[in-house]
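K.L.:
Protein chains in written order, with our numbering: chain A, 553 to 870; chain B, 553 to 870. Provided herewith is a single structure, encoded as structure tokens, for subsequent inquiry.
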């Protein structure tokens, strides 16, 4: 079965942009021009859902011409309850209509039939009664957390097999204290995050794809460049979803070790650095939608140039 | 500030039931009598949201007289998108109106401002613009996952401090493969789950409560009774949320080690064993609402008797 990992790789080559735009719409940082239309709405959560979607729509309209994928961070939608989830659903749908790969950043997990419920909700189909199953969120990739163990990950991998979808499993995250659990060295001399990497590599044997890459990817923070190089050696044909670029402090040269020589194997996320880049040129009270969209385009272009230059220095060209 | 952990302890003593009823409404297992009213509804997700809430409402009406708390598992709502989240919101609200403590079982986590977004959504207030903040889900306790490290947990603990709420951090979960990460022995000879327990114990110093118990609790599976005893020694004044009883195979005697001598320190979850107990007496096609509610009451009563007897044998009485 065709898998989204092949579509992602094809799009990375086409756009020459191993970049995913994080759709983390923090209300307080959205320009006022997106809010005016809804300022008299009585239900604040309903108003915010509209604001978040309108804001995302403009980002998507710019991003779909320049990058292969977007990554809505579900927390920023879920925080506004069922209304927020409407904004999430509309965002996923619109991004897919515009040809973008959608990575649902939810870091979900649980055990048994609960893990299966999450897996079906995001990557498969859900039971609506009388033997009928329909897609729910229907994202292309989902981020998942491994703390509960391999049996908690099985339902997600099984949905990937069934539906040609993918996951990114947390391996080495970009935050300062990510080592609390992840860097512990076990009785065999392996770090916890290395064990997860080995697990991912092994599970990938189940998949055969056109580009040879596995749909079971790994979250590997840009802020730990040395660890990325080690992880690349364990997971040769897995995609790294790389957060931490820009706002969290990692530079373009930090992320080179995440890539393979074919220019594939990694997709670098930027959220605030792109969607709130407008702040460098105008105040949120006066920024127009045109100015806003221009700032998104410029930020993506400059990130792309930085990454392509850094990769070219390592002999990686598209 | 008054904390929900004191309310929980008071209710456990009052009801003599250290039990939480898991609200995991799997559509295919709900009796037909809850579905008939909505069978002609065109929007299937809307129909299901109504079914889930009506079903939960009857469980809550029984449970509120017998136990201190309910634990909706968010996956079973989230799987039906924004409609499902309406059912979740209505369930939380109704359970609280009925005087029940609500444990949101979401196993959420992330880093930085994303973790803060989840923490505010479930345990605090969310920004609706113009400096105004309002509660969103407003549960009493939330389950959270620790893989990302201590800085990912900070925002949740900070909301607990601010709002008198609590969390249950995954420590040793009930599933067969929970040991994949959790049981690894680190370079200091400590298991990963023991490190989390030590962290929880230390963070608890920030809290002073009436009953002396910390609102930073731990998820400790009933299926690992020996490990529970060890964890009880590390976390003396923390509440253990104990899954795995009944359907997952743990017995009443297995859960005794989770309790302190005062009869507090643990709350045992049962989901399927209570909410789908009706299957022992009638078929889902013919079960009436009265029969259903009676089955819930009987299942809770019998679980209560089993647990109280097992605890009494260890000299623990309410």
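Idealized CB from N, CA, C, for every residue including glycine. Given the structure is predicted, the values throughout are model-derived calculations rather than measurements.
Can you find a C-beta in chain B that's less than 7 Å from the C-beta of residue 775/A?
P.N.:
Reading the first chain from its first residue, position 223 is the one you call residue 775/A. It does not: the Cβ of residue 775/A has no partner Cβ on chain B nearer than 7 Å.
K.L.:
With which residues is residue 821/B paired in a DSSP beta bridge?
P.N.:
The sequence position of residue 821/B within the second chain is 269, counting from 1. The partner list for residue 821/B (beta bridge, DSSP) reads 572/B.
K.L.:
The stretch 610-637 of chain A: which residues have C-beta closer than 7 Å to a C-beta of chain B, in chain order?
P.N.:
Listed by position, the residues of the stretch 610-637 of chain A near chain B (Cβ gap below 7 Å) are 625, 627, 628, 630, 631, 632, 633, 634 and 637.
K.L.:
Check distances from the C-beta atoms of the stretch 575-587 of chain B to those of chain A and list, in chain order, the residues that come in under 8 Å.
P.N.:
Under the 8 Å Cβ criterion, the stretch 575-587 of chain B contributes 576, 578, 579, 580 and 587.
K.L.:
Do the stretch 714-731 of chain B and the stretch 755-768 of chain B make contact, defined as three or more Cβ pairs closer than 8 Å?
P.N.:
Flag = yes, the stretch 714-731 of chain B and the stretch 755-768 of chain B touch.
K.L.:
Just to confirm my understanding: we take residue 641/B, look at its own chain, exclude 5 residues before and 5 after, and list those with CB closer than 8 Å. What are they?
P.N.:
Within the second chain, the letter at position 89 stands for residue 641/B. Here the set comprises 689.
K.L.:
Which class does residue 628/A belong to by DSSP, given the choice of helix, strand or coil?
P.N.:
In the first chain, residue 628/A corresponds to position 76, counting from 1. Residue 628/A falls in the helix class under three-state DSSP.
K.L.:
Could you tell me which chain A residues have their CB closer than 8 Å to the CB of residue 744/B, listed as they occur along the chain?
P.N.:
Position 192 of the second chain holds residue 744/B. Correct list: 733, 736 and 744.
K.L.:
Restricting to runs no shorter than 4 residues, where is the alpha helix (DSSP H) found entirely within the stretch 676-725 of chain B?
P.N.:
If we require 4 residues or more, the alpha helix (DSSP H) runs fully inside the stretch 676-725 of chain B come out as 702-715.
K.L.:
Counting only C-beta atoms, is residue 559/A closer than 7 Å to chain B at any point?
P.N.:
Residue 559/A sits at position 7 when you count from the first residue of the first chain. Taking Cβ atoms only, chain B never reaches closer than 7 Å to residue 559/A, which makes this a no.
K.L.:
Smallest Cα separation from residue 734/A: which of 606/B, 812/B and 743/B?
P.N.:
Taking the first residue of the first chain as 1, we reach residue 734/A at position 182. It is 743/B.
K.L.:
Please list, in chain order, the chain A residues whose beta carbon lies closer than 8 Å to that of residue 670/B.
P.N.:
Along the second chain, read from residue 1 onward, the residue named residue 670/B stands at position 118. Under the 8 Å cutoff, chain A gives 627, 630 and 631.
K.L.:
By the three-class DSSP mapping on this structure, what secondary structure does residue 582/B have?
P.N.:
Position 30 of the second chain holds residue 582/B. DSSP places residue 582/B in coil when its eight states are reduced to three.
K.L.:
Under a three-way DSSP split, which group does residue 835/B fall into?
P.N.:
One-based indexing of the second chain puts residue 835/B at position 283. Residue 835/B: coil per DSSP, three-state reduction.
K.L.:
Can you tell me whether residue 741/A is buried or exposed? The criterion is at least 16 other CB atoms within 10 Å of its CB, across all chains shown.
P.N.:
Stepping through the first chain from its first residue, residue 741/A is reached at position 189. Looking at its Cβ environment, which holds fewer than 16 other Cβ atoms inside 10 Å, residue 741/A is exposed.
K.L.:
Using 7 Å as the limit for Cβ to Cβ distance, is residue 646/A near chain B?
P.N.:
On the first chain, position 94 is the one that residue 646/A refers to. No, residue 646/A lies away from the interface with chain B (no Cβ there is under 7 Å from its Cβ).
K.L.:
What does residue 797/B pair with, by DSSP beta-bridge criteria?
P.N.:
Taking the first residue of the second chain as position 1, residue 797/B is located at position 245. Answer is 802/B.
K.L.:
For residue 804/B, which residues in the same chain have their Cβ closer than 6 Å to its Cβ, ignoring the five residues on either side in sequence?
P.N.:
For this step, residue 804/B is matched to residue 252 along the second chain. Around residue 804/B: 858, 859 and 862.
K.L.:
Should residue 685/A be flagged as near chain B, meaning a C-beta pair shorter than 7 Å?
P.N.:
Looking up residue 685/A in the first chain gives position 133. Chain B, which has no Cβ nearer than 7 Å to the Cβ of residue 685/A, makes this no.
K.L.:
With three or more C-beta pairs closer than 8 Å as the rule, is the stretch 806-818 of chain B touching the stretch 828-840 of chain B?
P.N.:
The stretch 828-840 of chain B is not in contact with the stretch 806-818 of chain B.
K.L.:
Which residue marks the beginning of the alpha helix (DSSP H) containing residue 785/A, and which one marks its end?
P.N.:
Residue mapping note: residue 785/A aligns to position 233 of the first chain, counting from 1. Segment 777-786, the alpha helix (DSSP H) holding residue 785/A.
K.L.:
Just to check my reading of the structure: residue 729/A and residue 702/B have Cβ atoms closer than 8 Å, yes? What is that Cβ distance to the nearest angstrom?
P.N.:
For the purposes of this step, residue 729/A is taken as residue 177 along the first chain, with counting starting at 1. For the purposes of this step, residue 702/B is taken as residue 150 along the second chain, with counting starting at 1. Sure, about 5 Å apart at Cβ, within 8 Å.
K.L.:
Taking the alpha-carbon positions, what's the residue 616/A to residue 697/A distance?
P.N.:
Taking the first chain and counting its residues from 1, the one referred to as residue 616/A is at position 64. Taking the first chain and counting its residues from 1, the one referred to as residue 697/A is at position 145. Each residue's alpha carbon lies about 28 Å from the other.
K.L.:
Determine whether the beta carbon atoms of residue 748/A and residue 790/A lie at a separation below 7 Å.
P.N.:
Here residue 748/A is taken as the residue at index 196 of the first chain, counted from 1. Here residue 790/A is taken as the residue at index 238 of the first chain, counted from 1. No.
K.L.:
Which stretch, first to last residue, makes up the beta strand (DSSP E) that contains residue 769/A?
P.N.:
Against the first chain, residue 769/A aligns to sequence position 217. From DSSP, the beta strand (DSSP E) with residue 769/A extends over 766-772.
K.L.:
Decide yes or no for the touch test of the stretch 566-578 of chain A against the stretch 623-635 of chain A: beta carbon pairs closer than 8 Å, at least 3 of them.
P.N.:
The stretch 566-578 of chain A, when compared against the stretch 623-635 of chain A, does touch it at the 8 Å Cβ threshold.
K.L.:
Measure from the C-beta of residue 678/B to each C-beta in chain A and report whether the shortest distance is under 7 Å.
P.N.:
The count along the second chain starts at 1 and reaches residue 678/B at position 126. Taking Cβ atoms only, chain A reaches closer than 7 Å to residue 678/B, which makes this a yes.
K.L.:
Output, in sequence order along the chain, the residues in the stretch 694-718 of chain B whose CB is closer than 7 Å to any CB in chain A.
P.N.:
From the stretch 694-718 of chain B, only 697, 698, 699, 700, 701, 702, 703 and 704 have a Cβ closer than 7 Å to chain A.
K.L.:
Does residue 781/A pass the burial test, meaning 16 or more other C-beta atoms within 10 Å, or should it be called exposed?
P.N.:
If you number the first chain from 1, residue 781/A lands on position 229. By the 10 Å Cβ count, residue 781/A comes out exposed.
K.L.:
Given a cut-off of 7 Å on the beta-carbon distance, is the pair residue 636/A and residue 629/A in contact?
P.N.:
Translated into positions along the first chain, residue 636/A becomes position 84. Translated into positions along the first chain, residue 629/A becomes position 77. Yes, they are a contact pair.
K.L.:
Quick check on the DSSP output: the beta strand (DSSP E) that includes residue 659/B runs from which residue to which?
P.N.:
Position 107 of the second chain holds residue 659/B. Residue 659/B -> beta strand (DSSP E) spans 653-660.
K.L.:
Please confirm if residue 722/B has its CB atom under 7 Å from at least one CB of chain A.
P.N.:
Here residue 722/B corresponds to residue number 170 of the second chain, with the count starting at 1. Closer than 7 Å: yes.
K.L.:
May I ask which residues mark the beginning and end of the alpha helix (DSSP H) holding residue 646/A?
P.N.:
The sequence position of residue 646/A within the first chain is 94, counting from 1. Unbroken alpha helix (DSSP H) run through residue 646/A: 633-649.
K.L.:
Can you check which of these residues, 759/A, 594/A, 758/A and 793/A, is closest to residue 775/A by C-alpha distance?
P.N.:
Stepping through the first chain from its first residue, residue 775/A is reached at position 223. Here the closest residue by C-alpha is 793/A.
K.L.:
At 9 Å on the CB atoms, spell out the chain A contacts of residue 764/B, in chain order.
P.N.:
The sequence position of residue 764/B within the second chain is 212, counting from 1. Within chain A, no residue comes near residue 764/B; the closest Cβ sits about 27 Å away, beyond 9 Å.
K.L.:
Mapping DSSP to helix, strand and coil, what is residue 607/B?
P.N.:
Start at 1 with the first residue of the second chain, and residue 607/B comes out as number 55. Helix, per DSSP.
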